[in-house]
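A short write-up of the structure that comes next.
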Amino acid sequence: MKFRTLSIVLLAAAASFASAKKDAPGAPAAKGAVAGRWTQDYDAAVALAKEQGLPLMLKFTGSDWCGWCKLMEGVVFATSDFEKWADGRVVLVTLDFPRASDVVPAEYKERNRKLAAEHGIRGYPTYVVKDSDGKELGRLGASQDASVEKFTSQFEALVGTMPEKKAAPADPAAASRANELEQWLRTHCTASQQAAFRERLSDAERAEFPGLVFAQRDADAELSRLRAERQKLVDDVQKELSELSRTDPDAAKSRKERALAQLKELDAAQAARKAEIQAELPEKAARLRELLAKLR
Numbered sequence: 001m002k003f004r005t006l007s008i009v010l011l012a013a014a015a016s017f018a019s020a021k022k023d024a025p026g027a028p029a030a031k032g033a034v035a036g037r038w039t040q041d042y043d044a045a046v047a048l049a050k051e052q053g054l055p056l057m058l059k060f061t062g063s064d065w066c067g068w069c070k071l072m073e074g075v076v077f078a079t080s081d082f083e084k085w086a087d088g089r090v091v092l093v094t095l096d097f098p099r100a101s102d103v104v105p106a107e108y109k110e111r112n113r114k115l116a117a118e119h120g121i122r123g124y125p126t127y128v129v130k131d132s133d134g135k136e137l138g139r140l141g142a143s144q145d146a147s148v149e150k151f152t153s154q155f156e157a158l159v160g161t162m163p164e165k166k167a168a169p170a171d172p173a174a175a176s177r178a179n180e181l182e183q184w185l186r187t188h189c190t191a192s193q194q195a196a197f198r199e200r201l202s203d204a205e206r207a208e209f210p211g212l213v214f215a216q217r218d219a220d221a222e223l224s225r226l227r228a229e230r231q232k233l234v235d236d237v238q239k240e241l242s243e244l245s246r247t248d249p250d251a252a253k254s255r256k257e258r259a260l261a262q263l264k265e266l267d268a269a270q271a272a273r274k275a276e277i278q279a280e281l282p283e284k285a286a287r288l289r290e291l292l293a294k295l296r
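Here's what the structure looks like:
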């Protein structure tokens with residue numbers, strides 16, 4: 001059933017989140033690569049750099065023992081300025097040689113040693129800069145006066161022309177909801193209230209606002225979907241029973257019993273969901289009144 005499937009998905013997501021919490025913020029991903037985010041997945045990073053025509057940086061480091069490595073992390077790589085600079089423009093790979101045994105996935109340990117040997121790494125940290133085809137452009141290191149501006153300037157000097165940041169693809173649903181909200185504000189609020197909406201509400205409150213304004217409509221849409229889901233089950237079973245009754249009456253009887261049990265299960269799940277929806281509406285209405293009070 002869909003509700004049971006959703007519960008399983010949510011439990012799996014919760015388990016994934018719980019296991020991910022052991023990684024410190026900014027820890028490199030173990031699998032996959034995203035431009036501007038650190039990863040240990042060298043193969044995925046190389047493929048991404050080639051596919052998107054982006055420069056690649058290999059960070060050879062000893063994250064839990066190397067003093068210079070820790071300095072560079074603190075003053076350069078862990079900063080929001082570096083993250084903003086790299087976002088969407090540079091593929092970042094961490095090739096770590098820690099003393100702790102659980103920092104690097106087992107599958108990467110020998111590979112990291114081979115890459116260090118191939119690149120002739122003699123000390124840590126060493127930052128190898130490559131173009132999108134894997135050609136080495138130069139190397140950078142740590143310095144006592146390191147800063148984001150200094151490091152990124154040196155990196156850009158090696159690369160030459162840095163790629164432009166790509167705009168995030170538009171979300172049609174989000175854009176539609178934003179347009180609806182603007183229309184709602186113009187219809188229901190004065191000009192001063194509209195100004196207050198943008199000035200007095202926090203970013204989180206502005207993001208929350210559409211879900212409150214359109215709560216009843218969203219609830220009606222969800223209830224309509226539930227009715228359609230039930231009706232589809234009934235129609236599908238009736239069609240199946242009609243065919244079986246002509247070819248195999250015994251099978252039709254057995255299928256009818258299963259269908260009744262299935263429908264009972266669906267009705268119970270939908271009743272629980274409808275109760276949730278009805279319980280959420282007063283809470284959302286109260287929260288909406290709190291936010292609207294700020295617009296007066």
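For the sequence shown, position 40 matches number 40 in our numbering, and the numbering has no gaps at all. Note that CB positions come from ideal geometry on N, CA and C, so glycine has one too.
DSSP places residue 34 outside both helix and strand once states are collapsed to three, so it counts as coil. Inclusion of residue 158 and residue 128 in the CB contact set at 7 Å is not warranted, their separation being larger than that value. Our two residues, residue 235 and residue 280, have alpha carbons roughly 31 Å apart in a direct line. DSSP, reduced to helix, strand and coil, places residue 162 outside both helices and strands of the structure shown, so it counts as coil. Nearest in C-alpha terms to residue 291, of all of 239, 84, 144, 197, is 197. By the Cβ test, the segment 105-115 is not in contact with the segment 146-157, since fewer than three Cβ pairs between them sit closer than 8 Å. Within the same chain, no residue comes within 6 Å of residue 123 by CB-CB distance, once the 5 residues on both sides are set aside.
DSSP lists 130 as the beta-bridge partner residues of residue 136. Separation of the CB atoms of residue 100 and residue 145 is rounded to 29 Å, and the pair is thereby denied contact status at 8 Å. By the Cβ neighbour-count rule, residue 161 is exposed, with fewer than 16 other Cβ atoms within 10 Å of its own.
Burial state of residue 54 is buried, judged by a 10 Å Cβ sphere holding 16 or more other Cβ atoms. About 6 Å separates the beta carbon of residue 241 from that of residue 255, a gap short enough to meet the 8 Å contact definition. At a Cβ-Cβ threshold of 7 Å, residue 35 and residue 91 count as neighbours. Listed as beta-bridge partners of residue 39 by DSSP are 29, 93. Per DSSP, the continuous alpha helix (DSSP H) segment holding residue 226 begins and ends at 215-247.
With fewer than three CB-CB distances shorter than 8 Å, the segment 194-211 does not count as touching the segment 250-269. Looking at the DSSP output, residue 59 shares a beta bridge with 94, 127. DSSP places residue 87 outside both helix and strand once states are collapsed to three, so it counts as coil.
About 6 Å separates the beta carbons of residue 212 and residue 287, which is inside the 8 Å limit, making them a contact pair. DSSP, reduced to helix, strand and coil, places residue 119 outside both helices and strands of the structure shown, so it counts as coil. Taking C-beta atoms as the reference points, residue 48 and residue 95 fail to come closer than 7 Å. Counting every other CB atom within 10 Å of its CB across the protein chains shown gives residue 238 a total below 16, marking it as exposed.
Residue 75 carries a helical assignment under DSSP once its states are collapsed to helix, strand and coil.
Ranked by Cα distance from residue 119, the options 102, 137, 105 are led by 137. Here the alpha carbon of residue 134 sits roughly 39 Å from the alpha carbon of residue 175. In this structure, residue 82 sits away from residue 121, with a CB-CB distance that is not shorter than 7 Å.
Within the same chain, Cβ atoms closer than 6 Å to the Cβ of residue 30 are found at 40, 105, the five residues on either side in sequence being excluded.
DSSP places residue 105 in the coil class of the three-state scheme, outside both helix and strand.
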